[in-house]
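Engineer: If you scroll down you'll find the structure; I have some questions about it.
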Amino acid sequence: MELKHLQYFIEITRTENFTNAAENLFITQPALSRIIKSLENELGTQLFIRKRKKLILTEAGQILKKHALKIEQQLEHLDEEMNQAFMLKKRHVRIGLPTITNSIFFSQLLSSFHQEYPEVTFQLDEDGSKAIEEKIINGLLDFGVIVLRKTNSQFDYLLFVKEKLKLVVPSAHYLAKRQGVSLDELKEESFIMFNREFELRSLVVSACREAGFQPSIISETSQLDFIQEMVVSNLGITLLPESICEELTNELANDIQTVNITNPTIEWNLAMVWKRDEYLSQVTKEFIRFAKAKLTTVNPYDS
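Okay, so the sequence shown: first residue is 120 according to my numbering, each after it adds one.
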C-alpha cells in the first residue's frame with residue numbers, strides 16, 4: 120500500500136467528491152478513480168458507496184480513514200522536523216524559464232510568494248523547454264515553465280497560457296498587409312528559427328511538414344533579439360507567440376508586421392511542470408498551490 124494512495128483517499132473523504140479531490144491533487148479524475156479501485160482491490164473490500172452525487176464511507180472505509188489520518192499526521196510531523204533540520208536545502212526553489220517567454224508574470228508570482236515566505240530563496244535558470252525538462256528529470260531543477268505539446272508521464276503540470284503563433288515579417292514584405300495567411304503559402308520563404316533546444320522550433324517544423332513542406336531554415340539562434348533583428352533586416356520570416364508579437368509591434372511598429380496564421384492555427388501552450396512521483400516538501404507543495412491560484416486566475420500578459 121503506497122502512502123500517496125492513502126493521501127489521495129484522505130483527500131476524497133475531505134471533499135466527498137472525486138472531481139474536486141482530483142483537482143486539489145493535480146491529477147485527472149479517471150486517474151484518481153483507478154488509484155482508489157486499485158486500493159480497494161488490494162484491501163479486498165469496497166471503501167465508498169456512491170449514491171447520486173454523494174460519497175459514503177463503508178465500514179472498511181471508516182477504519183482506513185482513522186488509520187490513514189494518523190499516518191498523515193505523523194508524516195506532517197516528520198516533514199516539519201526534516202524542514203528544520205535541512206532548512207537551507209528545503210527552502211531553496213530552483214525554476215527553469217524559457218528565454219522566449221515574458222518573465223514579468225513569473226516575477227510577480229515569486230514576489231507574492233516571497234512576501235508570505237521571506238525565508239525562501241530562488242534560483243532562475245533560463246533555457247529551452249527540452250533542456251529544462253532534462254534538468255527536472257535529473258534533479259537539477261524543481262520546477263520549469265515549458266511549451267507543452269503533449270503530456271509527459273514523467274511530469275505533473277499546470278497549464279496557464281494558451282496562445283497561437285503568428286507570422287512575423289518585415290513591413291515591406293508582400294504578406295505584411297494581409298489579415299491572414301495559410302501556412303502552405305510560406306513554403307518558398309526563408310525561416311529564422313530558435314535552435315533545437317527550443318520546443319517552438321519543433322512546433323513550427325511539425326506544422327510545416329503537416330502542411331506539405333519542409334521549411335527552409337537560413338538561421339538558428341537562442342536569442343529572440345537576434346531573430347527580431349534578422350526579420351527587420353529582411354533576411355527571413357519567423358513565427359512567434361501572440362504575446363511576443365504584441366511586444367514586438369509595440370516596439371517596432373514601422374519595421375515589422377504580424378499576420379494571423381489561419382490554416383492551420385498553431386497552438387502555443389505554456390505549463391509549469393514538476394517531476395511526477397517525486398517527494399514534495401511543504402515549501403514545494405505551497406509553491407504549487409500559489410502557482411495554481413496566481414497563474415490560472417490572471418492572464419499573465421495583460422497590461
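We put the CB at the ideal spot given by N, CA and C, even for glycine.
(1) Starting from residue 390, follow the beta strand (DSSP E) in both directions and report where the run begins and ends.
(2) In three-state DSSP terms, what is residue 246?
(3) Which first and last residues belong to the beta strand (DSSP E) in which residue 337 is found?
(4) Assuming residue 336 and residue 310 are in contact, meaning their beta carbons sit under 8 angstroms apart, how far apart are those beta carbons, in whole angstroms?
(5) From this set, 382, 273, 182, which residue's C-alpha is nearest residue 305's C-alpha?
(6) Since residue 187 and residue 128 should fall inside the 8 angstroms C-beta cutoff, what is the C-beta to C-beta distance between them, to a whole number of angstroms?
(7) Comparing C-alpha positions only, which one of 149, 211, 391, 320 sits nearest to residue 281?
(8) Contact check, residue 404 vs residue 231 under 8 angstroms by CB: the rounded distance?
(9) In angstroms, rounded to a whole number, what distance separates the CA positions of residue 208 and residue 176?
(10) Should residue 194 go down as buried or exposed, given a rule of 16 or more other Cβ atoms within 10 Å for buried?
(11) Could you tell me whether the region 371-378 touches the region 386-402, where touching means 3 or more Cβ pairs closer than 8 angstroms?
(12) Assign residue 151 to one of three DSSP states: helix, strand, or coil.
(13) Would you please state the rounded distance, in angstroms, between the beta carbons of residue 289 and residue 351? I believe it to be under 8 angstroms.
(14) On a Cα-Cα basis, can you pick out the residue from 275, 236, 285, 293 that is closest to residue 353?
(15) Please name the residue in 250, 267, 130 whose C-alpha comes closest to that of residue 260.
(16) When the Cα of residue 166 is compared with those of 125, 147, 192, which residue comes out closest?
(17) So residue 81 is in the beta strand (DSSP E); what residue range does that whole segment cover?
(18) Counting along the chain, where does the beta strand (DSSP E) carrying residue 280 start and finish?
(19) With a threshold of 6 angstroms on Cβ separation, who are the neighbours of residue 407 within its own chain once the five nearest residues in sequence on each side are excluded?
Structural biologist: Considering the structure as presented:
(1) 386-394 is the span of the beta strand (DSSP E), which, as asked, contains residue 390.
(2) In the structure shown, residue 246 adopts extended strand secondary structure according to DSSP, grouped into three states.
(3) Note, residue 337: beta strand (DSSP E), 335-340.
(4) At roughly 5 angstroms, the Cβ-Cβ gap stays under 8 angstroms, so residue 336 and residue 310 are in contact.
(5) If we check each option's Cα against that of residue 305, 382 comes out closest.
(6) 6 angstroms between Cβ atoms; contact.
(7) Check the Cα spacing between residue 281 and each of 149, 211, 391, 320: the tightest is with 391.
(8) That pair is no contact at about 16 angstroms.
(9) Confidence at residue 208 is low in this model, with a pLDDT of 46, below 50, so the placement of that residue should be treated as unreliable; the coordinate-derived value is given next. One C-alpha to the other measures close to 40 angstroms.
(10) The Cβ neighbour count for residue 194, taken over all protein chains shown within 10 Å, is under 16; the residue is labelled exposed.
(11) Remark: fewer than three beta-carbon pairs, one from each stretch, lie closer than 8 angstroms, so the region 371-378 and the region 386-402 are not flagged as touching.
(12) Of the three classes helix, strand and coil, the one that applies to residue 151 here is helix, per DSSP.
(13) Between residue 289 and residue 351 the beta-carbon gap is near 6 angstroms, inside 8 angstroms, which marks them as a contact.
(14) Comparing alpha carbon positions, the residue from 275, 236, 285, 293 closest to residue 353 is 293.
(15) Ranked by Cα distance from residue 260, the options 250, 267, 130 are led by 250.
(16) The option with the nearest alpha carbon to residue 166 is 125.
(17) This structure cannot speak to residue 81, because the chain is shown only from 120 to 422.
(18) Taken as a continuous stretch (DSSP letters only), the beta strand (DSSP E) holding residue 280 covers 274-289.
(19) For residue 407, where only same-chain residues beyond five positions count, there are no Cβ hits under 6 angstroms.
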